[in-house]
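Colleague: Structure in structure tokens, see below.
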Ligand code: KIV
Ligand code: ZN
């Protein structure tokens, strides 16, 4: 199957909105502009740039991101209230491709907060989506906490939003409650059941409270969703959102079972991951899939030996494809002779068999005391053993 015959999945990045809602992840105005530019350059289809009514700063950031946007659709978030939607439109209207995203919590717990009956909420949805659509051709609507909303009511409100003019229906798993099979079934059944559903794009928006955000998003795509909402490094409320780098690389790597494509230039992933980690002040965990420091690092002897013979032995992706210079074989107490020999070669050091044996014994002693043995340590062992030869 070629890329042309695979279904395109739109990537909707919400690092600057849901990501920034992570406690402590606030970014400055200039940092937001920089991240938006990187997202646009890497081929993100839709950038959710902020929540314009939330603050004057958010309004200015969304407006300026909209003005500077190149290819991406620029989206702003608005509650189901007319002043929110007007403020959102004021900010996104500067974009070549603006989108208004309006939402309301539809599950019993969320309906209790504004204290609306089911009928009152249905009317509110009709009124606000109609208003947004009168301002903008591109309107996204989300029933917040969709995965804990009663099935009949969910179908009813999705139908109202579609009839009122929503062009994208996003189904949020707001509290990371769903599981992959449910996620796929929910989208599939909505598309099969709700009148008008086949004419709009269904989106999936997953949170990671149970560590299933990536699996749930991919399952939703299998169920028929064609927009994934995600953030760089999985930044987001509580345990975060679906990580952009994970869904994009999963689709690229397993296109044999997931016949989809995205427009993301994957070689740009690592750079943006590092920039988001720095500006948000959220370091990436070492063992994070795709972008963690250890994602392409192998310490144990068996793995290093395998990697030196054939990189595919222990790597399913090429590090270069995500913008990492190459595999790393850090030396530690689990490393073997093959990796030590390769390291010496890399450092331009030639040693005879006896000296290599000697260095290896001392290297193991050192590795037992240190977490990682660095190049300088190896060079020191070379000098020490050379003195004795
Ligand atoms: O998680 C959520 O429900 C949201 C909505 C605003 C889409 O972020
Ligand atoms: Zn969210």
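Numbering (UniProt numbering), first residue to last: 1 to 389.
Ideal placement from N, C-alpha and C gives every residue a C-beta, glycine not left out.
Remember, it's a predicted structure, so these values are computed and weren't measured experimentally.
Do residue 172 and the ligand KIV come close, with the Cβ less than 7 angstroms from some heavy atom?
Modeller: For the purposes of this step, residue 172 is taken as residue 172 along the chain shown, with counting starting at 1. Yes, the beta carbon of residue 172 sits closer than 7 angstroms to at least one heavy atom of the ligand KIV.
Colleague: What are the start and end residues of each continuous alpha helix (DSSP H) run of 4 or more residues lying completely inside the region 240-276, in chain order?
Modeller: 244-253
Colleague: Any idea which residues DSSP pairs residue 142 with across the strands?
Modeller: As a first step, residue 142 is located in the chain shown; it is residue number 142 there, counting from the start. According to DSSP, which records beta bridges pairwise, residue 142 is partnered with 103.
Colleague: Please identify the residue among 86, 369, 368 and 351 whose C-alpha is closest to the C-alpha of residue 384.
Modeller: Position 384 of the chain shown, counted from the start, is the residue given in the question as residue 384. With distances taken between Cα atoms, residue 384 lies closest to 351.
Colleague: Would you call residue 108 buried or exposed, if buried means 16 or more other Cβ atoms sit within 10 Å of its Cβ?
Modeller: Position 108 of the chain shown, counted from the first residue, corresponds to residue 108. Label assigned to residue 108: exposed.
Colleague: Would you kindly report the start and end of the unbroken beta strand (DSSP E) that includes residue 185?
Modeller: Taking the chain shown and counting its residues from 1, the one referred to as residue 185 is at position 185. Per DSSP, residue 185 belongs to no beta strand (DSSP E); it is in the alpha helix (DSSP H), 180-193.
Colleague: At the level of alpha carbons, what is the spacing between residue 347 and residue 5?
Modeller: As a position in the chain shown, residue 347 is number 347, starting the count at 1. As a position in the chain shown, residue 5 is number 5, starting the count at 1. The alpha-carbon atoms of residue 347 and residue 5 are separated by roughly 47 angstroms.
Colleague: Could you tell me the boundaries of the beta strand (DSSP E) in which residue 201 lies?
Modeller: If you number the chain shown from 1, residue 201 lands on position 201. 201-206 is the extent of the beta strand (DSSP E) around residue 201.
Colleague: Measuring alpha carbon to alpha carbon, tell me which of 242, 321, 220 and 363 ends up nearest residue 338.
Modeller: Numbered from 1 along the chain shown, position 338 holds the residue referred to as residue 338. Looking at the Cα atoms, 363 is the closest of the given residues.
Colleague: Considering only the alpha carbon of each residue, which of 163, 210, 178 and 297 lies closest to residue 198?
Modeller: As a position in the chain shown, residue 198 is number 198, starting the count at 1. It is 163.
Colleague: On the three-pair Cβ rule with 8 angstroms, is the region 150-166 touching the region 213-232?
Modeller: no
Colleague: At a cut of 8 angstroms, does the region 262-276 reach the region 294-312 through at least three beta carbon pairs?
Modeller: No, the region 262-276 is not in contact with the region 294-312.
Colleague: When you compare each of 96, 277 and 247 to residue 70 by their alpha carbons, which one comes out closest?
Modeller: Walking along the chain shown from the start, residue 70 turns up at place 70. Residue 70 has its Cα closest to that of 96, out of 96, 277 and 247.
Colleague: From what residue to what residue does the beta strand (DSSP E) around residue 395 run?
Modeller: Residue 395 is absent from the model: the chain starts at 1 and stops at 389.
Colleague: Go ahead and pull the three-state DSSP assignment for residue 79.
Modeller: Within the chain shown, residue 79 is the residue found at index 79, counting from 1. The answer is strand: DSSP assigns residue 79 an E or B state.
Colleague: The alpha helix (DSSP H) that contains residue 119, what's its start and end?
Modeller: As a first step, residue 119 must be located in the chain shown, where it is residue number 119. DSSP places residue 119 in the uninterrupted alpha helix (DSSP H) bounded by 118-135.
Colleague: Count Cβ pairs between the region 53-62 and the region 277-295 that sit closer than 8 angstroms; are there 3 or more?
Modeller: no
Colleague: With DSSP as the reference, label residue 14 as helix, strand or coil.
Modeller: Position 14 of the chain shown holds residue 14. Correct three-state label for residue 14: coil.
Colleague: Would the beta-carbon of residue 64 fall within 8 angstroms of that of residue 13?
Modeller: Position 64 of the chain shown, counted from the start, is the residue given in the question as residue 64. Position 13 of the chain shown, counted from the start, is the residue given in the question as residue 13. No; because the gap between Cβ atoms is not below 8 angstroms, this pair is not in contact.
Colleague: Is it true that the CB of residue 289 sits closer than 8 angstroms to the CB of residue 297?
Modeller: Translated into positions along the chain shown, residue 297 becomes position 297. Translated into positions along the chain shown, residue 289 becomes position 289. Not a contact, by the Cβ cut-off of 8 angstroms.
Colleague: Once DSSP output is grouped into helix, strand and coil, what is the label at residue 354?
Modeller: For the purposes of this step, residue 354 is taken as the residue at position 354 of the chain shown. Annotated three-state conformation of residue 354 is helix, per DSSP.
Colleague: On the premise that residue 260 lies in contact with residue 224, defined as a C-beta separation below 8 angstroms, what is that separation, rounded to the nearest angstrom?
Modeller: Here the question's residue 224 lines up with position 224 in the chain shown. Here the question's residue 260 lines up with position 260 in the chain shown. Their Cβ separation, rounded to whole angstroms, is 11 angstroms, which puts residue 224 and residue 260 out of contact at 8 angstroms.
Colleague: Note down the Cα distance separating residue 126 from residue 39, rounded to an integer number of angstroms.
Modeller: The residue labelled residue 126 in the question sits at position 126 within the chain shown. The residue labelled residue 39 in the question sits at position 39 within the chain shown. Each residue's Cα considered, the two are about 32 angstroms apart.
Colleague: Can you give me the Cβ contacts of residue 100 inside the same chain, cut-off strictly under 8 angstroms, excluding the 5 residues immediately before and after it?
Modeller: Within the chain shown, residue 100 is the residue found at index 100, counting from 1. So the qualifying residues of the chain are 75, 76, 78, 85, 88, 89, 92, 132, 135, 136, 138, 139 and 140.
Colleague: Kindly list the residues whose CB is nearer than 7 angstroms to the CB of residue 334, restricted to its own chain and excluding five residues on each side of it in sequence; keep chain order.
Modeller: The count along the chain shown starts at 1 and reaches residue 334 at position 334. Leaving aside the five residues that flank residue 334 on each side, the residues in its chain whose CB is nearer than 7 angstroms to its CB run, in chain order, 299, 300 and 301.
Colleague: Apart from the five residues on each side of it in sequence, which residues of its chain come closer than 8 angstroms, Cβ to Cβ, to residue 375?
Modeller: By one-based count along the chain shown, residue 375 stands at place 375. Counting only Cβ-Cβ distances below 8 angstroms, and skipping sequence neighbours, we find 343 and 347.
Colleague: Could you please give me the residues that DSSP links to residue 229 through a beta bridge?
Modeller: To locate residue 229, count along the chain shown from 1; it is residue 229. Paired residue(s): 12 and 205.
Colleague: Less than 8 angstroms between C-beta atoms, sequence neighbours within five positions excluded: which residues of the same chain meet that for residue 340?
Modeller: Residue 340 sits at position 340 when you count from the first residue of the chain shown. 331, 356, 359, 360, 363 and 378, listed in sequence order.
Colleague: Distance check for residue 247 and residue 262, CA to CA, integer angstroms please.
Modeller: To locate residue 262, count along the chain shown from 1; it is residue 262. To locate residue 247, count along the chain shown from 1; it is residue 247. Approximately 10 angstroms between the Cα atoms of the pair.
Colleague: Can residue 233 and residue 205 be called in contact, C-beta distance under 8 angstroms?
Modeller: For the purposes of this step, residue 233 is identified with residue 233 of the chain shown, where counting begins at 1. For the purposes of this step, residue 205 is identified with residue 205 of the chain shown, where counting begins at 1. Not a contact, by the Cβ cut-off of 8 angstroms.
Colleague: Apart from the five residues just before and just after residue 19, which ones in its own chain have a Cβ nearer than 6 angstroms to its Cβ?
Modeller: What you label residue 19 is simply residue 19 of the chain shown in a count that begins at 1. Excluding sequence positions up to five before and after residue 19, its CB lies within less than 6 angstroms of the CB of 231, 235 and 236, all in the same chain and listed in chain order.
Colleague: Taking 7 angstroms as the cut-off, does the CB of residue 142 come closer than this to any heavy atom belonging to the ligand KIV?
Modeller: If you number the chain shown from 1, residue 142 lands on position 142. Yes; taking the cut-off as 7 angstroms, the Cβ of residue 142 has a heavy atom of the ligand KIV nearer than that.
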